[in-house]
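So that you can map any letter, position 48 of the sequence shown is 306 in this note's numbering, and since no number is skipped, the others follow by simple counting.
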Amino acid sequence: MKHLYLVFFLFICTLGFSQNAKGTADIEGFKLYPNPVPQGKVFIETALNAPKQILIFDVLGTQVLQTTILGRELNLSNLDKGVYILRVFEKNKVATRKLIIK
């Protein structure tokens, strides 16, 4: 039964995140690596390389991390292993990806 809730939640999140508000779009040149994350660090690259606001949600939709990064490196060593939803805001654009931590 838990798996059914998880699938339903991910479907709703994907549907909601894919319908961006007017004036927002996927960030140009967005790269997220490595994913899955093996060592607690992930790198986020964009064409502008401007400061980025990062939001991370667990599979239940609870926000587990909110931070701003100026460079490319994001430390995730304080998060448990699992599947997360990553939202990155840069200027007036947003990118949403699934993030797996091993």
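The beta-carbon is built from N, C-alpha and C at its ideal position, and this holds for glycine as well.
Presumed contact (8 Å Cβ cut-off) between residue i and residue j, rounded CB distance
{"i": "residue 319", "j": "residue 303", "result": "In fact, because the Cβ distance is near 27 Å, the residues do not count as touching under 8 Å."}
Option nearest residue i by Cα separation, candidates the options
{"i": "residue 346", "options": "356, 339 and 296", "result": "356"}
{"i": "residue 306", "options": "298, 315 and 349", "result": "349"}
{"i": "residue 323", "options": "329, 351, 342 and 331", "result": "342"}
{"i": "residue 310", "options": "284, 328 and 354", "result": "328"}
{"i": "residue 295", "options": "333, 353, 351 and 313", "result": "333"}
{"i": "residue 340", "options": "314, 325, 330 and 331", "result": "314"}
{"i": "residue 308", "options": "330, 336, 299 and 335", "result": "330"}
Short CB-CB distance (under 8 Å) between residue i and chain C
{"i": "residue 330", "result": "Here there is only one protein chain, and chain C is not present."}
Chain-order list of residues whose beta-carbon lies under 6 Å from that of residue i (same chain, five-residue window excluded)
{"i": "residue 289", "result": "303"}
{"i": "residue 284", "result": "353"}
{"i": "residue 291", "result": "301"}
Enclosing beta strand (DSSP E) for residue i [first to last residue]
{"i": "residue 330", "result": "Careful: residue 330 lies outside any beta strand (DSSP E) and carries neither H nor E."}
{"i": "residue 362", "result": "Because residue 362 is not part of the residues shown, which for the chain are 259 to 360, the question remains open."}
{"i": "residue 285", "result": "Here residue 285 belongs to no beta strand (DSSP E), and DSSP marks it neither H nor E."}
Neighbourhood of residue i by C-beta, 8 Å cutoff - its chain only, sequence neighbours within 5 removed
{"i": "residue 338", "result": "359"}
{"i": "residue 321", "result": "313, 314 and 315"}
Three-state secondary structure (DSSP) of residue i
{"i": "residue 290", "result": "strand"}
Sequence-distant residues of the same chain with beta carbon closer than 7 Å to residue i, five excluded per side
{"i": "residue 298", "result": "333, 334 and 335"}
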